[in-house]
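**Q**
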Ligand code: SF4
């Protein structure tokens, strides 16, 4: 096997259009171990990127000792991402949390579960008494838990406490995917399939550095590119990523201008007559307004706004406009940027006006960063209502109230759910007094970190953190709960193309660590949440029962799981929802007949104005008479809330690197991954480097109106006027007295898309200075 | 013909609304969405005022004396805190409503005088005013329970 640190994508297995992707089984075992030594293999899948690649966990002497890909799986056909090959070692890391901690006299000290849970329950009870008690609670979760855990958390939050203040770090990651899918097609859920790579003749990657974020999907794309009749490729990215280097057309846009670009491409396609009049007429609403809105975006105007050559805009439009089977993928370059939802909807528009949906090779993938992000959205742990229900539709609330046997008034649905940034604001203002953070590290991952640290340290805010390690966030908690993770518990999760995988428990968690499910169930029991008949609100006690409860909740909704079971997920390959009696093997593509989930009684949202986020009413929605047609949403470009100035003349954009995940809680503890990308860096263009007298490797200071960081410079492929910093790097591995600011989010701005509420991590104004020479 | 007076009323209402949006946005910098969207909507109001201006001038020539007590004052400055935010947004909401009903009146008159250009302006702008109202209403709905029953 190729050295996957040097070559993250490994050997090519080329294939042609319509053929099936050849199998290639990747494997990595602990040093000195051969497959014959393995005691047993346990079925699982990856939670380190939204592919959800299927794999088996090798167990040796009751320890995880390696992994190998599952050849039969529809998602990866045996391949694994380098993060999966090596990342499992973090499970065995000696600094895992093994006992609960509580803060005593300002210090975190070890304690037992009874004491730790007792504290949380005591504080919860105090807060819950009295009107509006629910409003003191905030739950901030992850994209890393399992479906069963999210559903349980959703029920205890929404029907037990009755709070709308629940969200996940999926808000930073996939909120725009969800918002764009709902807005265009009526409900959340990916229309396309990863298998569309096998059939397409053109791939457009919109702000999606797939080579580093989802390496296995990239392998599939590369294998098509190296085979006969390869698909054409378009990349939109301000940086010179591996994707951009591979692409036939690379649009190196100015950060924050995506919408202007896609509007221009739409205009060109309509002007050249590449749109599908019949599909538009039968299956969409809003074409006239769309045409009017995009009319001013001539290639010249786009060139000016986005700072790309007009001729390249025309070339890109031709690539998109003449493809017979077009696959688009969208990710953080769009989602974490200015006008995120409008720009992502514009990609949906492109597919709708070209009739490029619902058949092999013609699909759009509004991606996720984390695989289980899909589950936060489905189950309601991120504020959405379980089963992709509409908070503004009273019938949907009645359904949930009946299912849970609670008063519908308990379920918060008087306005949209509180999004993450607003939860933090309420905590800052002091009305949220208990913040429960599970499996995520906001002290590194949220914008404007100085502010986040201030909030976490605030008197009067009781912070519970449940995680594997003492993260930067856990350092500031009042109670820290040691959690079990992947490989140490059983559950399911769903990747970006709706494929559900089962991940089985392979080994016991270390020390007293417990699964997130057990922790939530324990809390619910101690809080004694009851239904209207006085029975326990949550009747299940383990993952499989939780899954069965979830199935009942999903019945009849777009994400119908009723045809799935643990037994069906065991052994073979993942299965994409909806999976029902009528579709027992799942559903590869949605909307094949051109009928969308926009019926007013079924849809997940009545829609929003894309510029302000203003919610439309049921009456306004009904008046549109969607009748199963999709919406073409149009919006004009406007500059990002923060643009460069004389004082801060450069644009900062942030993102990932292939070897690290999230804030490195696991990846930094895998020696190979840590060694591959040990340090943060600042990437800048040679012209900018020359202007500021910076050489490769020099230590530079970067500052914004919020803060400053120091990092070595890397001169390379990025557009002039823009600098890039990877966002993974925090401080947990440096003793507090030696910490020098290096987290990208010291610099980023507290601002978000009005529709999806996803923070704008990819556009901030900064200035740069050389601090000292490199070593 | 009194159309000029209503045009003047609306024109001035748009200018004062723009100003109020800016003041509220500036007063609530710690609510980044409010700050950003108020700034954005102030520009929308500027645009409305600009588009009305030629018609204000054109119809002024045919206008008699302005009637008494035509203008009313709705906004007296911003406040702070959670409740303050609600009250400020509510002020904006009332002011935007005043604009909204003025658009209706002016739209009626535009049709009466068969002024296609003015009618087109009304049609374009009144929709944007509706969006302002919807955004303000939604933002208040979201903030009200926390401000009214949860915050100390
Ligand atoms: S690292 Fe970013 S994209 Fe990936 S899961 Fe986390 S928030 Fe999402």
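Protein chains in written order, with UniProt numbering: chain A, 1 to 775; chain B, 1 to 152. A virtual CB, placed ideally from N, CA and C, is assigned to each residue, including glycine. Bear in mind that the values here come from a model prediction, so they are computed numbers and not experimental data.
#1: I'd like to know whether the C-beta of residue 425 of chain A is nearer than 9 Å to at least one C-beta of chain B.
#2: Alpha carbon to alpha carbon, what distance is there between residue 230 of chain A and residue 13 of chain A?
#3: Kindly indicate the opening and closing residues of the beta strand (DSSP E) around residue 757 of chain A.
#4: Give every residue of the same chain whose Cβ lies closer than 7 Å to the Cβ of residue 7 of chain A, excluding the five residues on either side of it in the sequence, and list them in chain order.
#5: Under the three-state reduction of DSSP, which class applies to residue 772 of chain A: helix, strand or coil?
#6: Looking at the C-beta of residue 126 of chain B, does it have a partner C-beta in chain A at a distance below 9 Å?
#7: Looking only at its own chain, which residues have a Cβ that is under 7 Å from the Cβ of residue 299 of chain A, when we skip the five neighbours before and after it?
#8: Buried or exposed: where does residue 94 of chain B fall if 16 or more other Cβ atoms within 10 Å of its Cβ makes it buried?
#9: Compute the distance between the beta-carbons of residue 196 of chain A and residue 325 of chain A, then report whether it is under 9 Å.
#10: Counting only beta-carbon atoms, is residue 73 of chain B nearer than 9 Å to chain A?
#11: Going residue by residue through the stretch 362-431 of chain A, where are the continuous beta strand (DSSP E) segments of at least 3 residues, counting only ones entirely within it?
#12: Considering only the beta carbon of each residue, do residue 235 of chain A and residue 205 of chain A sit closer than 9 Å?
#13: Under the three-state reduction of DSSP, which class applies to residue 60 of chain A: helix, strand or coil?
#14: Cβ closer than 8 Å: which chain A residues qualify as neighbours of residue 135 of chain B?
#15: Look at the alpha carbon of residue 15 of chain A and the alpha carbon of residue 501 of chain A, and state the distance between them as a whole number of angstroms.
#16: Per DSSP, what are the beta-bridge partners of residue 141 of chain A in this structure?
#17: Does any residue of chain A bring its CB to less than 9 Å from the CB of residue 92 of chain B?
#18: Any idea what DSSP makes of residue 576 of chain A, helix, strand or coil?
#19: Residues in the stretch 737-764 of chain A with C-beta within 9 Å of chain B's C-beta atoms, listed in sequence order?
#20: Just to confirm, is the Cβ distance from residue 139 of chain B to residue 34 of chain B under 9 Å?
#21: Residue 142 of chain A CB to nearest chain B CB: under 9 Å?
#22: Compare the C-alpha of residue 584 of chain A against each of A:575, A:83, A:592, A:590 and name the closest.
#23: Per DSSP, residue 233 of chain A is paired with what?
#24: Is the separation between the beta-carbon of residue 297 of chain A and that of residue 260 of chain A shorter than 9 Å?
#25: Taking only the alpha-carbon atoms, compute the straight-line gap between residue 232 of chain A and residue 21 of chain A and give it to the nearest angstrom.
#26: Is DSSP giving residue 125 of chain A helix, strand or coil here?
#27: What are the boundary residues of the alpha helix (DSSP H) that residue 751 of chain A is part of?
#28: Given that a residue counts as buried once 16 or more other Cβ atoms are within 10 Å of its Cβ, and exposed if not, what is residue 117 of chain B?
#29: Do residue 755 of chain A and residue 376 of chain A have their CB atoms nearer than 9 Å?
#30: Name the one or two DSSP bridge partners that residue 69 of chain A has.
#31: Does DSSP classify residue 675 of chain A as helix, strand or coil?
#32: Short of 9 Å Cβ to Cβ, which residues in the stretch 630-647 of chain A face chain B?
#33: Taking beta-carbon pairs under 9 Å, can you tell me which members of the stretch 398-416 of chain A lie near chain B?
#34: Tell me which residue opens and which closes the alpha helix (DSSP H) that residue 492 of chain A is part of.
#35: Quick check on residue 681 of chain A: buried or exposed, where buried means 16 or more other Cβ atoms within 10 Å of its Cβ?
#36: Tell me the rounded alpha-carbon separation between residue 244 of chain A and residue 203 of chain A.
**A** Judging by the given coordinates:
#1: Indexing the first chain from 1 puts residue 425 of chain A at position 425. For residue 425 of chain A, the answer is yes, since a Cβ of chain B falls inside 9 Å of its Cβ.
#2: Reading the first chain from its first residue, position 13 is the one you call residue 13 of chain A. Reading the first chain from its first residue, position 230 is the one you call residue 230 of chain A. Near 13 Å, if we compare the C-alpha coordinates of residue 230 of chain A and residue 13 of chain A.
#3: Taking the first residue of the first chain as 1, we reach residue 757 of chain A at position 757. No beta strand (DSSP E) contains residue 757 of chain A, which DSSP labels as neither H nor E.
#4: As a first step, residue 7 of chain A must be located in the first chain, where it is residue number 7. Counting only Cβ-Cβ distances below 7 Å, and skipping sequence neighbours, we find nothing.
#5: Residue 772 of chain A sits at position 772 when you count from the first residue of the first chain. In the structure shown, residue 772 of chain A sits in a strand (DSSP, three-state: E or B).
#6: Here the question's residue 126 of chain B lines up with position 126 in the second chain. Output row for residue 126 of chain B: interface = no.
#7: Residue mapping note: residue 299 of chain A aligns to position 299 of the first chain, counting from 1. Excluding residues within five positions, the ones whose Cβ falls inside 7 Å are 264, 268, 310, 313, 314.
#8: Translated into positions along the second chain, residue 94 of chain B becomes position 94. So residue 94 of chain B counts as exposed.
#9: Residue 196 of chain A sits at position 196 when you count from the first residue of the first chain. Residue 325 of chain A sits at position 325 when you count from the first residue of the first chain. For residue 196 of chain A and residue 325 of chain A, yes; Cβs fall inside 9 Å.
#10: For the purposes of this step, residue 73 of chain B is taken as residue 73 along the second chain, with counting starting at 1. Cβ-Cβ to chain A under 9 Å: no for residue 73 of chain B.
#11: 363-366
#12: Residue numbering aside, residue 235 of chain A sits at position 235 when the first chain is read from its first letter. Residue numbering aside, residue 205 of chain A sits at position 205 when the first chain is read from its first letter. Against a cut-off of 9 Å, the Cβ pair of residue 205 of chain A and residue 235 of chain A comes out as a contact.
#13: Here residue 60 of chain A corresponds to residue number 60 of the first chain, with the count starting at 1. For residue 60 of chain A, the three-state secondary structure derived from DSSP is strand.
#14: Here residue 135 of chain B refers to the residue found at position 135 when the second chain is read from its first residue. Under the 8 Å cutoff, chain A gives 609, 612, 613, 614.
#15: In the first chain, the residue the question calls residue 15 of chain A occupies position 15. In the first chain, the residue the question calls residue 501 of chain A occupies position 501. Here the alpha carbons of residue 501 of chain A and residue 15 of chain A stand approximately 26 Å from one another.
#16: Within the first chain, the letter at position 141 stands for residue 141 of chain A. The partner list for residue 141 of chain A (beta bridge, DSSP) reads A:168.
#17: As a position in the second chain, residue 92 of chain B is number 92, starting the count at 1. Not closer than 9 Å to any Cβ of chain A, the Cβ of residue 92 of chain B fails to qualify, so no.
#18: Your numbering for residue 576 of chain A matches position 576 in the first chain. Of the three classes helix, strand and coil, the one that applies to residue 576 of chain A here is strand, per DSSP.
#19: 749, 750, 751, 752, 754, 757
#20: Residue mapping note: residue 139 of chain B aligns to position 139 of the second chain, counting from 1. Residue mapping note: residue 34 of chain B aligns to position 34 of the second chain, counting from 1. Against a cut-off of 9 Å, the Cβ pair of residue 34 of chain B and residue 139 of chain B comes out as a contact.
#21: Along the first chain, read from residue 1 onward, the residue named residue 142 of chain A stands at position 142. By this cut-off, residue 142 of chain A is not an interface position.
#22: Position 584 of the first chain, counting from 1, holds the residue named residue 584 of chain A. Nearest option by C-alpha distance: A:575.
#23: Here the question's residue 233 of chain A lines up with position 233 in the first chain. According to DSSP, which records beta bridges pairwise, residue 233 of chain A is partnered with A:203.
#24: Residue mapping note: residue 297 of chain A aligns to position 297 of the first chain, counting from 1. Residue mapping note: residue 260 of chain A aligns to position 260 of the first chain, counting from 1. A contact, by the Cβ cut-off of 9 Å.
#25: Here residue 232 of chain A refers to the residue found at position 232 when the first chain is read from its first residue. Here residue 21 of chain A refers to the residue found at position 21 when the first chain is read from its first residue. Straight-line Cα distance between these residues: approximately 18 Å.
#26: Stepping through the first chain from its first residue, residue 125 of chain A is reached at position 125. Three-state result, residue 125 of chain A: helix.
#27: Position 751 of the first chain, counted from the start, is the residue given in the question as residue 751 of chain A. Unbroken run through residue 751 of chain A: none, as it is neither H nor E.
#28: Sequence index remark: in the second chain, residue 117 of chain B carries index 117 (1-based). By the 10 Å Cβ count, residue 117 of chain B comes out exposed.
#29: Stepping through the first chain from its first residue, residue 755 of chain A is reached at position 755. Stepping through the first chain from its first residue, residue 376 of chain A is reached at position 376. No, the Cβ-Cβ distance between residue 755 of chain A and residue 376 of chain A is not below 9 Å.
#30: Here residue 69 of chain A refers to the residue found at position 69 of the first chain. According to DSSP, residue 69 of chain A bridges with A:55.
#31: Start at 1 with the first residue of the first chain, and residue 675 of chain A comes out as number 675. In this structure, residue 675 of chain A counts as helix in the three-state DSSP scheme.
#32: 638, 641
#33: 412, 414, 415, 416
#34: If you number the first chain from 1, residue 492 of chain A lands on position 492. Run containing residue 492 of chain A: none in the alpha helix (DSSP H); it sits in the beta strand (DSSP E), 491-494.
#35: Locating residue 681 of chain A in the first chain gives position 681, where the first residue counts as 1. Buried, since its Cβ has 16 or more Cβ neighbours within 10 Å.
#36: Along the first chain, one-based indexing puts residue 244 of chain A at 244. Along the first chain, one-based indexing puts residue 203 of chain A at 203. About 12 Å.
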